[in-house]
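Undergrad:
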Amino acid sequence: MTPPDPDCFDVRAVSCGRDHTLALLASGSVIGWGGDGSGRIPSGDPEYCSTPAPTRAVEVLLREPLAAVDAGAGLSLGVTTRHEVTMWGAHGAGIDGRAGVVAPATPLKVRALSGIRAVAAGEFQCAAIDAAGVLQTWGLNLDGALGRDAPEFESPPGRVAGVPALRAVALGNGYMLALTRDRTVYVWGANAAGQLGLGHLQSVPAPAQVRMPQRVEALAAGASHALALTANGEVLAWGSNNHGQLGRPEPAYATTPTRVDLPERAQAVAAGTYFSLALGNSGRVYAWGWNRHGQLGQGDRDDRRAPVLVQGVERARAIAAGQSHAAALAAEGLYGWGSNVAGQLGAAAAEQARPLRLLATRQQEQRRDV
Amino acid sequence: MSEHHHEATSRRDFLKLGVSVTAGAVVPPVLTACGGGGDAAPGPKETFAEPLNIQSVNGVLDVTLVLSYLTTTLPNPTTNQNQTVTLRNMFGSIPAPTLRVRVGDLLRIKVFNNLPPNPPDPNPTTHLRYHNSTNLHTHGLHVYPDIYPQPFVPPGQDPNAGSPPLVYGDFVVDDPAYGIQPGQTRQYEYRIRDDHPAGTYWYHPHLHGSSAMQVGSGMAGALIIEGPIDDVPQIAAAQERVFVFQSPLYGSDGRLESFAQVASYTTNEPPFLINGVRQPVILMESGSVQNWRFVNAGTFNMLNLSLDRHVLYQYSHDGNPRRTLRPVAPLADNAYWSNPNNAPVPPPSSYPEGVVLGVGGRTNVLVKAGAPGTYQLRTFPIEMGRNKPEAGTVVPGDAVATVIVVDALSPMNLPPEPLPVTPFLAPITDEELAANGGLKRTIVMRVIPAKQPDPPLIDPPPGEWPDWIFQENYPPGANPPKPSQINDKVYALGSAGNAPSQNPGMPTTYIPFQSKKAITQMVALNAVEEWTIVNFNNIRHPFHIHVNPMYVVAVNGKRLAEPYWADTVPLPYNDNTPPPGTNAPATVTSITFRMRFLHYTGRYVMHCHMLVHEDMGMMQGVTVV
Ligand SMILES: [Cu+2]
Numbered sequence: 093m094t095p096p097d098p099d100c101f102d103v104r105a106v107s108c109g110r111d112h113t114l115a116l117l118a119s120g121s122v123i124g125w126g127g128d129g130s131g132r133i134p135s136g137d138p139e140y141c142s143t144p145a146p147t148r149a150v151e152v153l154l155r156e157p158l159a160a161v162d163a164g165a166g167l168s169l170g171v172t173t174r175h176e177v178t179m180w181g182a183h184g185a186g187i188d189g190r191a192g193v194v195a196p197a198t199p200l201k202v203r204a205l206s207g208i209r210a211v212a213a214g215e216f217q218c219a220a221i222d223a224a225g226v227l228q229t230w231g232l233n234l235d236g237a238l239g240r241d242a243p244e245f246e247s248p249p250g251r252v253a254g255v256p257a258l259r260a261v262a263l264g265n266g267y268m269l270a271l272t273r274d275r276t277v278y279v280w281g282a283n284a285a286g287q288l289g290l291g292h293l294q295s296v297p298a299p300a301q302v303r304m305p306q307r308v309e310a311l312a313a314g315a316s317h318a319l320a321l322t323a324n325g326e327v328l329a330w331g332s333n334n335h336g337q338l339g340r341p342e343p344a345y346a347t348t349p350t351r352v353d354l355p356e357r358a359q360a361v362a363a364g365t366y367f368s369l370a371l372g373n374s375g376r377v378y379a380w381g382w383n384r385h386g387q388l389g390q391g392d393r394d395d396r397r398a399p400v401l402v403q404g405v406e407r408a409r410a411i412a413a414g415q416s417h418a419a420a421l422a423a424e425g426l427y428g429w430g431s432n433v434a435g436q437l438g439a440a441a442a443e444q445a446r447p448l449r450l451l452a453t454r455q456q457e458q459r460r461d462v
Numbered sequence: 003m004s005e006h007h008h009e010a011t012s013r014r015d016f017l018k019l020g021v022s023v024t025a026g027a028v029v030p031p032v033l034t035a036c037g038g039g040g041d042a043a044p045g046p047k048e049t050f051a052e053p054l055n056i057q058s059v060n061g062v063l064d065v066t067l068v069l070s071y072l073t074t075t076l077p078n079p080t081t082n083q084n085q086t087v088t089l090r091n092m093f094g095s096i097p098a099p100t101l102r103v104r105v106g107d108l109l110r111i112k113v114f115n116n117l118p119p120n121p122p123d124p125n126p127t128t129h130l131r132y133h134n135s136t137n138l139h140t141h142g143l144h145v146y147p148d149i150y151p152q153p154f155v156p157p158g159q160d161p162n163a164g165s166p167p168l169v170y171g172d173f174v175v176d177d178p179a180y181g182i183q184p185g186q187t188r189q190y191e192y193r194i195r196d197d198h199p200a201g202t203y204w205y206h207p208h209l210h211g212s213s214a215m216q217v218g219s220g221m222a223g224a225l226i227i228e229g230p231i232d233d234v235p236q237i238a239a240a241q242e243r244v245f246v247f248q249s250p251l252y253g254s255d256g257r258l259e260s261f262a263q264v265a266s267y268t269t270n271e272p273p274f275l276i277n278g279v280r281q282p283v284i285l286m287e288s289g290s291v292q293n294w295r296f297v298n299a300g301t302f303n304m305l306n307l308s309l310d311r312h313v314l315y316q317y318s319h320d321g322n323p324r325r326t327l328r329p330v331a332p333l334a335d336n337a338y339w340s341n342p343n344n345a346p347v348p349p350p351s352s353y354p355e356g357v358v359l360g361v362g363g364r365t366n367v368l369v370k371a372g373a374p375g376t377y378q379l380r381t382f383p384i385e386m387g388r389n390k391p392e393a394g395t396v397v398p399g400d401a402v403a404t405v406i407v408v409d410a411l412s413p414m415n416l417p418p419e420p421l422p423v424t425p426f427l428a429p430i431t432d433e434e435l436a437a438n439g440g441l442k443r444t445i446v447m448r449v450i451p452a453k454q455p456d457p458p459l460i461d462p463p464p465g466e467w468p469d470w471i472f473q474e475n476y477p478p479g480a481n482p483p484k485p486s487q488i489n490d491k492v493y494a495l496g497s498a499g500n501a502p503s504q505n506p507g508m509p510t511t512y513i514p515f516q517s518k519k520a521i522t523q524m525v526a527l528n529a530v531e532e533w534t535i536v537n538f539n540n541i542r543h544p545f546h547i548h549v550n551p552m553y554v555v556a557v558n559g560k561r562l563a564e565p566y567w568a569d570t571v572p573l574p575y576n577d578n579t580p581p582p583g584t585n586a587p588a589t590v591t592s593i594t595f596r597m598r599f600l601h602y603t604g605r606y607v608m609h610c611h612m613l614v615h616e617d618m619g620m621m622q623g624v625t626v627v
């Protein structure tokens, strides 16, 4: 791994966890801000710094470069370029099963996983998809969150049956959303706000297909609400709506997908706790829902029950939502806004109600290598 | 505001007792018709002693309570002798006075810490060094949890006169090195809402790192909120008794001066005292109904209470009233339990179940005295973990009080159902949960061995190890060398912290399992959530959360036929053996509750109420925004 340019970074992906933020660099190294899972582990010598301590990012002390990364609640999962899974942060249930370490000083390899293409990290649940589209889950099997017949405390990753080959998986609080390669949606787990989209409020212990009006290109799992991006750029939302996170004032919750009114077609969606983000085809970012920490980027803390434009971020190409902070990767910088109580937005204010540039980013050739 | 003294109690006595009353009244407990006859009266004598009772007047109770060392005598249940003890003490008595208010009242408590400065303490675990620093928690109250944003000006005072000091709600998120330090004073204020559940609560110090030593010294008192339930004629007519169950801990010198000392106990704690009395005698008239308020103010052991040949009609869980009376029947034949001080420990399947109270729990029961005779109020043996003889997981049976029923006059009645319950405790339906966010959270309670298995489960950063665990062989040269059951383990609630680690470049320390850096659950005001508290251990960690009561809906994932409201719930223990090389079971146990986060924003905590566990980090923050 070559040390990044101290002033400018080639950021390939961004992910927001409960209270940390990760940026995957073109070199395969990862830098992070905030609480556990950010890579703030003892010893080591960060190679770069564009903002002064103590709010600068730190580099995760990886043994090998990563191709993908996902920030969860206090922990992070990465896929190496050799398609193995690595994990860092801390985890009360054990990172790698019941004999697993709960607080390692350096990133660990998750045993028994190979050929992995995508990962998703929650708090007590994790998921990984391999090259064949097979999903494996591990962690605490409460409310059927692992999507398979396993004890409450399942140690090794195990295969989820009853789903076609998968393209992506997203984790909310105790539930999962899976996107198949043929663009259909399967769900399981906790459902107290109707976030499985199945028309009821009962937990579901095994994959169930959600009827969608169109093919789905991407999914986002908030704490208790879900978003889908359809093939024609529409955004669908379901689950809790106590702060307008479905993009409409009523009803208080929805157990089936409802359409979000956006001023343009979208290319990506992201969801946190009671708030939602969409990235328009124009590169503009829209936000709606809970805004207690300024996570809608509006300069205030008032909820929005319909999408509003996030000012100050242009030509974005990726978005991410944490518990109550958000990030956007734009042409010339990585931006963050919302809660910074754990330092997840570096030098930002404790409640950063407008986007702040965390890093300068380099113009880069468009390349996908996962 | 007037000062009111009962004639038998002068102001000087108050100061000697460590309590003074600015607004409110000291009211002696009602004397029983048969027990108040004085020493010369013939017949059995009552030895049950009520704590001093201080109650609000005109909607206000405003007291100053002093913390200091107290030298007194306590009955030593082990030797059956009175022993001179010198213990840290709250408000001049063991237990502390009963504070009594009514729904809608204003309760103000000024705490003056008159303990000596914290002595130098070489304990490598830094947050355990502050035995003489303190703070105050009102256990179970639904009140403002934080420091009031504006200094509160009491009614009738000029808001512009001087700058009053900060006023605290039920605030316990103190740094262990601060709190109320020796010589300092803190003003607490609790505005009890009109719809607050009426019931039995308690108060005790809650400074992380010194809570076990201070509560273990007997620093606790009952806090009673009266309301509509107390106006039900049959309950109003019943004589009330407050039972503060405590098990003060001290060495042969009568002192408790190290964390190791309090950590050396589990179920081998001394038997309970009631209001500082060992096995008090209670007199009742046949046919009369009494209203008993039980408070488990111990530090570890559970209670499993039953009265020989009498039904206990339970009408609350903690401070939360029930709509119906829950009859807890006595055993048909008590012969098996008739030797209370040497109660045998039979196989666990045969332990009878009485009124079960985890440490920190309370309940109210009505009891109607039966035929004249002598009866024992007992706590049956109870498993606090899978019953392995070597593990010390069973609290032995004990007789905690003697009830003597004498001939009587007028029979009394139990109240009709339903009993009045505040709308604040309306059941939380699926619909209400869904409409208010429907968020689910999982919290893990787990004791993690620091050195086993190999490789160990935790990997503390260099230099932080001492702050993660209470170390083996501390204090140096201690006899026995391993001072406690709790050493060399991490006590964790939840997963990682959300505070950044020290290196590189961060100004804070890692210590993810200690409260100051532990994870904080961020909750939206007015949200309704469902939480599952998971137990990884073979011990019944009593889970307690401040400020908002829990509506318990499931145990081990099974929905309860009768959900109930509580604030302290002992988790089921794990009944299977961890696979070799691990300390985690193949399955876990759990409770699931729903909660409304109403009325108050601010910072507070949830934790294991085995206070030694809490002091070692089994605590997490909650911040409502
Ligand atoms: Cu515990």
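These protein sequence lines map, in sequence, to chains A and B.
Count along the first sequence starting at 1, add 92, and that's the number in this note's numbering.
Count along the second sequence starting at 1, add 2, and that's the number in this note's numbering.
Heads up, the beta-carbon is just placed ideally off N, CA and C, and yes, glycines get one too.
1. Near ligand 1, which residues have their beta-carbon less than 6 Å from any of its heavy atoms, given in chain order?
2. What are the residues of the segment 421-445 of chain B that lie near chain A, defined by any Cβ-Cβ distance shorter than 9 Å?
3. Any C-beta of chain A within less than 9 Å: which residues of the segment 538-550 of chain B qualify?
4. Run through DSSP, which three-state label would B/F114 get?
5. What residues from chain B crowd round A/Q415, counting only those whose CB sits closer than 7 Å?
6. Along chain B, in chain order, which residues have C-beta atoms closer than 8 Å to that of A/W380?
7. Counting only C-beta atoms, is A/T143 closer than 8 Å to chain B at any point?
8. What is the rounded straight-line gap between the Cα of A/T453 and the Cα of B/F426?
9. So what's A/W330 in DSSP terms, helix, strand or just coil?
10. For the structure I just gave you, are there three or more beta carbon pairs, one from the segment 280-287 of chain B and one from the segment 219-235 of chain B, closer than 8 Å?
11. Is the Cβ of A/N383 closer than 8 Å to any Cβ of chain D?
12. Are the beta-carbon atoms of B/E52 and B/V244 separated by less than 8 Å?
13. Determine the extent of the alpha helix (DSSP H) in which B/P468 is found, giving its start and end residues.
14. Quick test of your reading: A/P249 and A/R273, contact by CB under 8 Å. State the CB separation rounded to the nearest angstrom.
15. Return the chain-ordered list of same chain residues with a C-beta closer than 6 Å to the C-beta of B/Y566, the five sequence neighbours on each side being excluded.
16. Which residues bound the beta strand (DSSP E) around B/E228?
17. Rounded to a whole number of angstroms, what is the C-alpha to C-alpha distance between B/G26 and B/N55?
18. Taking Cβ-Cβ distances shorter than 8 Å, what residues in chain B pair up with A/E244?
19. Of all Cβ atoms in chain B, is any one closer than 8 Å to the Cβ of A/A284?
20. Can you grab the Cα-Cα spacing for the pair A/Q217 / A/P297, in whole Å?
21. CA-CA distance, A/E139 and A/T113?
22. In the DSSP assignment, what residue or residues form a beta bridge with B/T66?
23. Compute the beta-carbon to beta-carbon distance between A/A223 and A/G239, rounded to the nearest angstrom, for a pair I have assumed lies under 8 Å.
24. Quick one: grab the DSSP three-state call for B/S308.
25. Could you work out which residue in A/Y366, A/L354, A/Q390, A/T365 is closest to A/N373 when comparing CA atoms only?
26. Would you say A/S206 lies against chain B (beta-carbon separation less than 8 Å)?
27. Out of B/A262, B/H198, B/G61, B/V169, point me to the one whose CA is closest to B/N125's CA.
28. Roughly how many angstroms separate the alpha carbons of A/P144 and A/A440, rounded to a whole number?
29. Alpha carbon to alpha carbon, what distance is there between B/D107 and B/A200?
30. Is A/G435 buried or exposed, if buried means 16 or more other CB atoms sit within 10 Å of its CB?
31. For A/T173, is the classification buried or exposed, using 16 other Cβ atoms within 10 angstroms of its Cβ as the cut-off for buried?
32. Using Cβ-Cβ distances below 7 Å, what residues of the segment 211-236 of chain A are close to chain B?
33. At what residues does the alpha helix (DSSP H) containing B/A556 begin and finish?
34. Is B/F93 helix, strand or coil when you go by DSSP?
35. Name the chain A residues that come within less than 7 Å of B/V627, Cβ to Cβ?
36. Does B/R364 pass the burial test, meaning 16 or more other C-beta atoms within 10 Å, or should it be called exposed?
TA: Reading off the structure:
1. Chain-ordered, the residues whose CB falls short of 6 Å from any heavy atom of ligand 1 come out as B/H543, B/C610, B/M612, B/H615, B/M620.
2. Cβ contacts with chain A come from D432, E433, L435, A436, A437, N438, G439, G440, L441, K442, R443, T444, I445.
3. Going along the segment 538-550 of chain B in chain order, one finds F538 with a Cβ nearer than 9 Å to chain A.
4. Position 112 of the second sequence, counting from 1, holds the residue named residue 114 of chain B. Note: B/F114 maps to strand in three-state DSSP.
5. If you number the first sequence from 1, residue 415 of chain A lands on position 323. The answer, in chain order, is M524.
6. Counting from 1 along the first sequence, the entry for residue 380 of chain A is found at position 288. Neighbours of A/W380 on chain B: none; closest Cβ ~15 Å, over 8 Å.
7. As a first step, residue 143 of chain A must be located in the first sequence, where it is residue number 51. Residue placement at A/T143 cannot be trusted, given a pLDDT of 32 that sits under 50; what the coordinates show is reported in the next sentence. No, A/T143 lies away from the interface with chain B (no Cβ there is under 8 Å from its Cβ).
8. Working through the first sequence from its first residue, we reach residue 453 of chain A at position 361. Working through the second sequence from its first residue, we reach residue 426 of chain B at position 424. A straight-line Cα-Cα distance of about 53 Å links A/T453 and B/F426.
9. Reading the first sequence from its first residue, position 238 is the one you call residue 330 of chain A. In the structure shown, A/W330 falls within a strand segment according to DSSP collapsed to helix, strand and coil.
10. Under the Cβ criterion (8 Å, minimum of three pairs), the segment 280-287 of chain B does not count as touching the segment 219-235 of chain B.
11. Going by chain labels, chain D is absent from the structure shown, which instead holds the protein chains A and B.
12. If you number the second sequence from 1, residue 52 of chain B lands on position 50. If you number the second sequence from 1, residue 244 of chain B lands on position 242. At the C-beta level, B/E52 and B/V244 come within 8 Å of one another.
13. By one-based count along the second sequence, residue 468 of chain B stands at place 466. Where B/P468 is concerned, the enclosing alpha helix (DSSP H) stretches over 467-470.
14. Stepping through the first sequence from its first residue, residue 249 of chain A is reached at position 157. Stepping through the first sequence from its first residue, residue 273 of chain A is reached at position 181. Distance from A/P249 to A/R273 at the Cβ level is roughly 20 Å; contact not present, criterion being Cβ atoms closer than 8 Å.
15. The residue given as residue 566 of chain B occupies position 564 in the second sequence. Same-chain partners within the cutoff: H319, V554.
16. As a first step, residue 228 of chain B is located in the second sequence; it is residue number 226 there, counting from the start. Start and end: 223-228.
17. What you label residue 26 of chain B is simply residue 24 of the second sequence in a count that begins at 1. What you label residue 55 of chain B is simply residue 53 of the second sequence in a count that begins at 1. So the two alpha carbons sit approximately 10 Å from each other.
18. On the first sequence, residue 244 of chain A is found 152 positions in, with the first residue counted as 1. What A/E244 touches in chain B: V536, G559, T589, V590, S592.
19. In the first sequence, counting from the first residue as 1, residue 284 of chain A sits at position 192. A/A284 counts as touching chain B.
20. In the first sequence, the residue the question calls residue 217 of chain A occupies position 125. In the first sequence, the residue the question calls residue 297 of chain A occupies position 205. Spanning the two alpha carbons is a distance of roughly 14 Å.
21. In the first sequence, residue 139 of chain A corresponds to position 47, counting from 1. In the first sequence, residue 113 of chain A corresponds to position 21, counting from 1. Any reading at A/E139 needs caution, since the residue's pLDDT is 28, under 50, leaving its predicted position unreliable; the model's value is listed next. Taken atom to atom, the span from the alpha-carbon of A/E139 to that of A/T113 is near 18 Å.
22. For the purposes of this step, residue 66 of chain B is taken as the residue at position 64 of the second sequence. Answer by DSSP bridge pairing, in chain order: B/S22, B/K112.
23. Locating residue 223 of chain A in the first sequence gives position 131, counting from the first residue. Locating residue 239 of chain A in the first sequence gives position 147, counting from the first residue. Contact doesn't hold; Cβ gap of about 20 Å is too wide.
24. Sequence index remark: in the second sequence, residue 308 of chain B carries index 306 (1-based). The answer is strand: DSSP assigns B/S308 an E or B state.
25. Working through the first sequence from its first residue, we reach residue 373 of chain A at position 281. Looking at the Cα atoms, A/L354 is the closest of the given residues.
26. Counted from its first residue, the first sequence places residue 206 of chain A at position 114. No Cβ of chain B is located within less than 8 Å of the beta carbon of A/S206.
27. Here residue 125 of chain B refers to the residue found at position 123 when the second sequence is read from its first residue. Selected option, being the one with the closest Cα: B/A262.
28. As a first step, residue 144 of chain A is located in the first sequence; it is residue number 52 there, counting from the start. As a first step, residue 440 of chain A is located in the first sequence; it is residue number 348 there, counting from the start. Because the pLDDT of A/P144 is 33, which lies under 50, any placement of that residue in the model is unreliable, and the question is left without a value.
29. Your numbering for residue 200 of chain B matches position 198 in the second sequence. Your numbering for residue 107 of chain B matches position 105 in the second sequence. One C-alpha to the other measures close to 12 Å.
30. Along the first sequence, one-based indexing puts residue 435 of chain A at 343. By the neighbour-count criterion, in which 16 or more other beta carbons inside 10 Å mark a residue as buried, A/G435 falls on the buried side.
31. Here residue 173 of chain A refers to the residue found at position 81 when the first sequence is read from its first residue. When all chains shown are included, A/T173 counts as exposed.
32. The residues in question are E215, F216, L232, L234, D235.
33. In the second sequence, residue 556 of chain B corresponds to position 554, counting from 1. Element bounds for B/A556: not the alpha helix (DSSP H) but the beta strand (DSSP E), 552-557.
34. On the second sequence, residue 93 of chain B is found 91 positions in, with the first residue counted as 1. In this structure, DSSP gives B/F93 a state outside helix and strand, which the three-state scheme calls coil.
35. Position 625 of the second sequence, counted from the first residue, corresponds to residue 627 of chain B. Identification of chain A residues near B/V627 by a Cβ-Cβ cut-off of 7 Å yields R384, ordered along the chain.
36. Indexing the second sequence from 1 puts residue 364 of chain B at position 362. Sixteen is the threshold: when 16 or more other Cβ atoms of the shown chains lie within 10 Å of the Cβ of B/R364, as they do, the residue is buried.
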